[in-house]
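> I have a structure I would like to understand better, so I am pasting it below and will then ask my questions one at a time.
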Amino acid sequence: MSEETKNTDVQEVETPAVAEAPQQANPEQFLKEFNWHNYEEGIDPIEDSKLEEFEKLVAENFVDTLNDEVVDGTVINLTDRDAIIDINAKSEGVISLNEFRYNPDLKVGDKVEVLIDVREDATGQLILSHRKARVIKAWDRVNGAHDTGEIVNGFVKCRTKGGMIVDVFGIEAFLPGSQIDVKPIRDYDAYVGKTMEFKVVKINHEFKNVVVSHKALIEADIEEQKKEIIGQLEKGQVLEGTVKNVTSYGVFVDLGGVDGLVHITDLSWSRINHPNEIVELDQKLNVVILDFDEAKTRIQLGLKQLKPHPWEALDKELKVGDKVKGKVVVIADYGAFIEVEEGVEGLIHVSEMSWSTHLRSAQDFVKVGDQVEAVILTLDREERKMSLGIKQLTPDPWTDITTKYPVGSKHNGIVRNFTNFGVFVELEEGIDGLIYISDLSWTKKIKHPSDFTNVGDTLDVIVLELDVEGRKLSLGHKQTEDNPWDKYETEFGVGTKHTAAIGEIVDKGATIDFNEDIVAFIPSRHLEKEDGSKLKKGDEAEFQIIEFNKEFKRVVASHTALFKEEEAKIVKQAAKKAASTNASEKSTLGDLDVLADLKAKMEKGEK
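Using numbering that gives the first Met the number 0, read the sequence shown as starting at 0 and increasing by one per residue.
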């Protein structure tokens, strides 16, 4: 109760003409001089009416010290360590000056908020807390600000992980880095020590955490500002802006309250790897409005569009067949892009890099950054496309192919790659030929070319066929040597006799190695010796050739025909038949009637 109120009450009490009791005339004096001891001991009897009056005065003048509510108190005295506070209670309270460190100008008569900490300590002293009172009041104010959206002032104390610590009403609140401003913050320390306005956006009552935002205060204004600015935009309009942020995919430009994006492809007519090759932070530049979305407040900007398209400035005299120079800017598996002028590129397909027909990648010929010369193959100014070629800088090796590589000529080539049916051999850059697997060797049975040679090996070849229009060469390797089977046809003709040892016993007979090329087959019936026994592996004996087929490299021999008249007669007939057969005719054991009879008899004899 204030002094003014108390004085007013006294004046009102003194106006009646009827004499009043002392406690009514001057309640403060009465309470001060009241004998509490006698009252508690029951020495002085008190009338009921007086007791009721006393309780009324206590209720009007004393605070309820059992209540934890925050009350106002007055500083009535200051010591070296404590402040004595009057809260109109039974006694004055004591608060350590440490709780007033934030207020070094505290003096007698100041009003302060306090909370009753201890009603009576061991000495009967009332202990108050100003710090607790401030915390309670601060939480009340913070909760109120959160509920009503009230703007509060806060002092940025320090920087912490992810943001800042802000003092709001004496409570430490967290200000996330993303909530400091609408634009990215590059220097957090610049905000330390500043008093700023904030909005309480989140309170965690369980952990007593408070989150504030400065960004929320300006977003609403910015949205209105954005709508106003976007409403005035037009496509093609040129505006000045400031580079606000640079990312790998583009640049954000502040147009004076609203941001627009310049995509990396709209920064320069030339190819660039990163926007920082063109712009830097805080740089002022002019941009053109390409498109915008009023609903989503998105603005698409362009920088390169302020300059004429490089194709429009391309030399009008440039034509197909002309030579140009440029830098390799991009390499793909299918070719390389060459920048012949800023923003003007041509594609050199991998097939136009070399006259060679075997598959290779563009990386085998050029690399990014190389300066190359090329010939214009196609030029479309409307579509802004150009194709180039490198191989056209050198003569086409196929122009005089018939002179350099006539059929029957012998050459030397390098094995480049294999197929299941043959080997590709490069005679020179741009000229490849194919050796079919059947033309690799006269004598060896080759299942795959890799069994005969390796990539990178050098082979002697003969040109077998030449297709100039189809740009195809058919080569042979075995033709570089004489066919040994031409000689073997006489040496191992039907009826000739040779001595050799049995090599292996196989199904239905055995084999004999006459030399490194000829392996003859002896049917089981023709392994019989004169005494009736049969030859075994390793046995050496004389054999007579009963079949020789140069085409299929098949040789059949017999030991029995040397001493049995019937087999010998059949051999003579077969020899006579073979001698009359044309050398180029392809004959087999089953084609000749005589040999067919021999085969039938052999099979009959085996049974």
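Backbone N, C-alpha and C define an ideal beta-carbon position, used for all residues, glycine too. Fair warning: this is a prediction, and the values are worked out from it, not measured in the lab.
(1) One question on the structure: do Ser269 and Gly342 come within less than 7 Å of each other, judged by their Cβ atoms?
(2) Return the bridge partner residues of Asn285 from the DSSP annotation.
(3) Residues in the same chain with beta-carbon distance under 7 Å from Asp85, minus the five sequence neighbours each way, listed in chain order, please.
(4) DSSP three-state label for Val464, please.
(5) Starting from the N-terminal side, write out each stretch of the beta strand (DSSP E) that is 3 residues or longer and does not extend beyond the segment 183-226.
(6) Look at the alpha carbon of Val329 and the alpha carbon of Phe336, and state the distance between them as a whole number of angstroms.
(7) Between Lys536, Leu465, Trp441, which lies nearest to Ile517 when the distance is taken from Cα to Cα?
(8) Counting beta carbon pairs with one atom in the segment 493-506 and one in the segment 477-485, are three or more of them shorter than 8 Å?
(9) Give the secondary structure of Lys390 by DSSP, where H, G and I count as helix, E and B as strand, and everything else as coil.
(10) Return the CA-CA distance between Pro394 and Trp354, expressed in angstroms with no decimal places.
(11) What's the gap between the Cα of Asn419 and the Cα of Glu468?
(12) In its own chain, which residues sit with a C-beta less than 8 Å from the C-beta of Arg380, not counting the 5 before and 5 after it?
(13) Let me know if Glu546 comes out buried or exposed under the rule of 16 or more other beta-carbons within 10 Å of its beta-carbon.
(14) Helix, strand or coil: how does DSSP classify Thr264 here?
(15) Enumerate in chain order the residues of its own chain whose CB-to-CB distance from Gly421 is below 7 Å, with the five nearest sequence positions on each side excluded.
(16) Who are the near neighbours of Phe197 in its chain, counting only those whose CB is closer than 6 Å to its CB and skipping five residues on each side?
(17) Helix or strand or just coil, what does DSSP make of Ile337?
(18) Using DSSP bridges, identify the partner residues of Tyr435.
(19) Report the rounded CA-to-CA distance for Phe451 versus Gly412, giving the unit in angstroms.
(20) Who does Phe173 pair with in a DSSP beta bridge?
(21) Where does Asp85 fall in DSSP's three states?
(22) Below 8 Å, how does it come out for the segment 95-112 and the segment 137-147: are there three or more Cβ pairs, yes or no?
(23) Considering Gly345, what are the terminal residues of the beta strand (DSSP E) in which it resides?
(24) Applying the 10 Å Cβ sphere with the 16-neighbour rule, what's the burial state of Gly531?
(25) Does any C-beta atom of chain D lie closer than 7 Å to the C-beta of Ile330?
(26) Across the segment 457-471 and the segment 500-514, are there enough close Cβ pairs to call them in contact, namely three or more that are closer than 8 Å?
(27) For Leu561 and Ile511, what's the separation of their Cα atoms in angstroms?
(28) What's the call for Ser128, buried or exposed, on a 16-neighbour Cβ count within 10 Å?
(29) Should Tyr487 go down as buried or exposed, given a rule of 16 or more other Cβ atoms within 10 Å for buried?
(30) Would you please state the rounded distance, in angstroms, between the beta carbons of Pro396 and Glu372? I believe it to be under 8 Å.
(31) If contact is defined by three or more beta carbon pairs under 8 Å, each pair taking one atom from either stretch, is the segment 274-294 in contact with the segment 233-245?
(32) Report all residues from its chain with a CB closer than 6 Å to the CB of Val155; omit the five preceding and five following residues, and keep chain order.
(33) How would you call Thr159, buried or exposed, if buried means at least 16 neighbouring beta carbons within 10 angstroms?
(34) Leaving out the 5 sequence neighbours to the left and right, which residues in its chain are closer than 8 Å to Asp456 when beta-carbon positions are compared?
(35) Work out the CA separation of Ser350 and Gln231 for me, nearest whole Å.
(36) How many Å lie between Asp438 and Thr489 at the Cα?
Taking the structure as given:
(1) Taking 7 Å as the Cβ cut-off, Ser269 and Gly342 qualify as a contacting pair.
(2) Glu239
(3) Gly72, Thr73, Ile75, Glu91
(4) The amino acid occupying residue 464 in the given sequence is Glu; Val does not appear at that position. Strand.
(5) 194-203, 208-212
(6) Distance between the alpha carbons of Val329 and Phe336 is about 5 Å.
(7) Trp441
(8) no
(9) DSSP, read as helix, strand or coil, puts Lys390 in helix.
(10) Taking the straight line from one Cα to the other gives about 9 Å.
(11) 25 Å
(12) Trp310, Leu313
(13) So Glu546 counts as buried.
(14) helix
(15) Leu433, Ile434, Tyr435, Ile436, Pro448
(16) If we look at Phe197 and ignore the five residues flanking it on each side, its Cβ neighbours are Val151, Gly153, Val211, His213.
(17) strand
(18) Gly421
(19) 15 Å
(20) Residue pairing by DSSP places Phe173 opposite Ile164, Val210 in a beta bridge.
(21) strand
(22) The answer is no - the segment 137-147 does not touch the segment 95-112, with fewer than three Cβ pairs under 8 Å.
(23) Membership of Gly345 in the beta strand (DSSP E) is indicated by the continuous run 343-348.
(24) exposed
(25) Going by chain labels, chain D is absent from the structure shown, which holds only one protein chain.
(26) no
(27) 17 Å
(28) buried
(29) Answer is buried; the Cβ neighbour count reaches 16.
(30) About 19 Å separates the two Cβ atoms, so there is no contact after all.
(31) Output reads yes: the segment 274-294 touches the segment 233-245.
(32) Met163, Val165, Tyr190, Val191, Lys193
(33) exposed
(34) Ile413, Val414
(35) 53 Å
(36) 23 Å
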